[in-house]
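Numbering (the working numbering), first residue to last: 146 to 377. Yeah, the Cβ is synthetic: ideal placement off N, Cα and C, and Gly gets one too. Working notes, beginning with the structure itself.
As structure tokens, then:
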């Protein structure tokens with residue numbers, strides 16, 4: 146029994162020595178590690194302070210003093226200039242009268258308009274594009290009535306419409322000729338107008354009586370005359 150007690154006491158003393166050695170080693174380790182870490186932390190604090198001072202100096206140097214009015218009312222940014230639109234090509238200017246108004250050259254007189262108004266029906270024969278142009282020019286006029294039937298023969302149309310539509314076509318074409326700046330539009334409108342006037346003048350020069358005579362026929366299909374055979 147005494148031997149067992151002595152052995153246990155010896156074991157406890159050995160453990161105490163081991164604990165003491167371990168505590169001493171840990172203390173030395175803490176001193177070895179914590180010392181450099183503390184030094185590094187101090188250096189980081191010093192670096193942060195130096196950077197803060199440099200930042201303050203740079204801000205003061207480049208920002209410069211601002212007055213109270215500048216701070217309260219900062220200058221508005223300068224707007225960028227708007228891109229300039231490219232000029233669109235235009236045709237020659239319409240002819241103008243001496244008083245400054247636009248002259249509708251060749252506008253039909255009242256006699257032509259009255260003769261056109263008296264036509265019961267007229268037949269227009271032209272290319273489909275020419276008929277479409279006439280509708281575009283005069284289609285919105287109050288007295289122009291688009292016929293419900295249009296005969297189309299491979300792009301060449303035959304249309305029947307009334308005298309009021311003829312008058313509306315003449316006045317609308319004359320207006321376009323006097324106002325448009327597009328030379329192509331002016332040329333097409335003037336050509337159709339002259340064809341209608343020429344047909345109506347055939348009535349005024351040789352009018353029929355009581356429905357007799359040849360119905361008005363407007364053909365817009367200019368062609369070269371056939372070659373004459375050579376004389377032998």
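Inter-residue Cα distance where the pair is residue i and residue j
i, j, result
"residue 340", "residue 372", "24 Å"
"residue 334", "residue 318", "5 Å"
"residue 330", "residue 285", "17 Å"
"residue 291", "residue 266", "13 Å"
"residue 324", "residue 375", "48 Å"
"residue 351", "residue 312", "19 Å"
"residue 232", "residue 276", "Note that residue 232 scores 46 on pLDDT, short of 50, meaning its location in the model is unreliable; the coordinates nonetheless yield the value given after this. Cα-Cα distance, rounded: 32 Å."
"residue 278", "residue 298", "18 Å"
C-beta atoms of residue i and residue j nearer than 9 Å
i, j, result
"residue 268", "residue 363", "yes"
"residue 301", "residue 271", "yes"
"residue 342", "residue 280", "no"
"residue 310", "residue 289", "yes"
"residue 332", "residue 283", "no"
"residue 264", "residue 308", "yes"
"residue 361", "residue 347", "yes"
Opening and closing residue of the alpha helix (DSSP H) in which residue i lies
i, result
"residue 271", "Unbroken run through residue 271 is the beta strand (DSSP E), 267-272; no alpha helix (DSSP H)."
"residue 312", "308-324"
"residue 368", "Neither: residue 368 is in no alpha helix (DSSP H) and is coded neither H nor E."
"residue 350", "328-350"
"residue 291", "From DSSP, residue 291 is part of no alpha helix (DSSP H); its letter is neither H nor E."
Heavy atom of the ligand ZN within 8 Å of residue i beta-carbon
i, result
"residue 281", "Absent from the structure shown: the ligand ZN. Ligands present: none."
Same chain, Cβ closer than 6 Å to residue i, neighbours up to 5 away in sequence not counted
i, result
"residue 238", "Unreliable positioning characterises residue 238 in this predicted model, as indicated by a pLDDT of 43, which lies under 50. A coordinate reading is not provided."
"residue 345", "257, 260, 261"
"residue 236", "Any reading at residue 236 is ruled out, since the residue's pLDDT is 38, under 50, leaving its predicted position unreliable."
"residue 295", "302, 304"
"residue 157", "none"
Terminal residues of the beta strand (DSSP E) in which residue i lies
i, result
"residue 295", "295-298"
DSSP three-state assignment for residue i, whether helix, strand or coil
i, result
"residue 233", "The predicted position of residue 233 is uncertain, since its pLDDT is 43 and thus under 50; a value taken from the coordinates is nonetheless stated next. In this structure, residue 233 counts as coil in the three-state DSSP scheme."
"residue 242", "Annotation note: pLDDT 41 at residue 242 (below 50); position unreliable, no value reported."
"residue 264", "coil"
Own chain residues within Cβ distance below 8 Å of residue i, not counting five before or after
i, result
"residue 349", "256, 257, 260"
"residue 366", "270, 271, 272, 301"
Sequence-distant residues of the same chain with beta carbon closer than 7 Å to residue i, five excluded per side
i, result
"residue 321", "282, 330, 334"
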